[in-house]
Amino acid sequence: MTTKRWVALSIMLFLAILVAANVWYRNVFSDEWAAESNAEKRAAAVANLIEVDEADKYVWDETAWVVQGKTEDGQLAYVWLRDNAVDTVRAADGFTKEQIRAAVLQSKPDASITHIRPGIMKGQHVWEVYYSRVESGQRKYAYAFYNFENGTFIDMYRLPATELAQ
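The sequence shown runs 13 to 178 under this note's numbering.
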């Protein structure tokens, strides 16, 4: 085979691999994308959202979709979609992500916060805070839960520690 044929064959093989990877990726995530789209539509219909900013699947002691968006009157709102209930809370009626971040850092100034997201735990709306701290030469990870409406601490779960590199 000539060099031109090898190059053409290599390019065709590379393109075939890209197409196959794209088909596989779309196949793997299509159900999740459909569920997210359904959650956004359901939240928009129930809470009169005119714009959806974010939709996250939340799994802890029960599974729920938490959809954030703007209502017809321009207010930011959170909608919790569970199998047996739908709850809507205006963002102004709850603590903000920034207020929760400040509360965590006030009590644990050395915490490295990975994420803060709305969720549901034991039937109540919460802010889930996932963070880590270095204690006694080990990085310790934890989930802390704060009430969405009033910001009070609810519970914390510590994960096993990991050794830091020396």
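Even glycine gets a Cβ: it sits at the ideal position worked out from N, Cα and C. In this text, all values refer to a predicted model and were calculated from it rather than measured experimentally.
### Query
With 16 other CB atoms within 10 Å as the buried threshold, where does TRP77 fall?
buried
### Query
What whole-angstrom Cβ distance do ARG113 and ASP68 have, given they're in contact under 8 Å?
Actually they are not in contact, since the Cβ atoms of ARG113 and ASP68 sit about 17 Å apart, beyond 8 Å.
### Task
Just the C-alpha distance for ILE125 and THR164, rounded to the nearest angstrom, thanks.
18 Å
#### Entry: Buried/exposed call for ALA177, threshold 16 Cβ in 10 Å
Unreliable positioning characterises ALA177 in this predicted model, as indicated by a pLDDT of 49, which lies under 50. A coordinate reading is not provided.
### Task
Look at ALA89 and ALA59 and say whether their C-beta atoms are less than 8 Å apart.
yes
### Whole-number beta carbon distance between VAL116 and VAL141, since they are thought to touch under 8 Å
5 Å
### Message
Could you pull the DSSP bridge partners for PHE165 from this structure?
### Response
TYR158
### Query
Anyone know if the C-beta pair for ARG151 and THR174 falls short of 8 Å?
yes
### Query
Considering LYS69, what are the terminal residues of the beta strand (DSSP E) in which it resides?
61-71
### Query
Per DSSP, what kind of secondary structure is ARG145 in: helix, strand or coil?
strand
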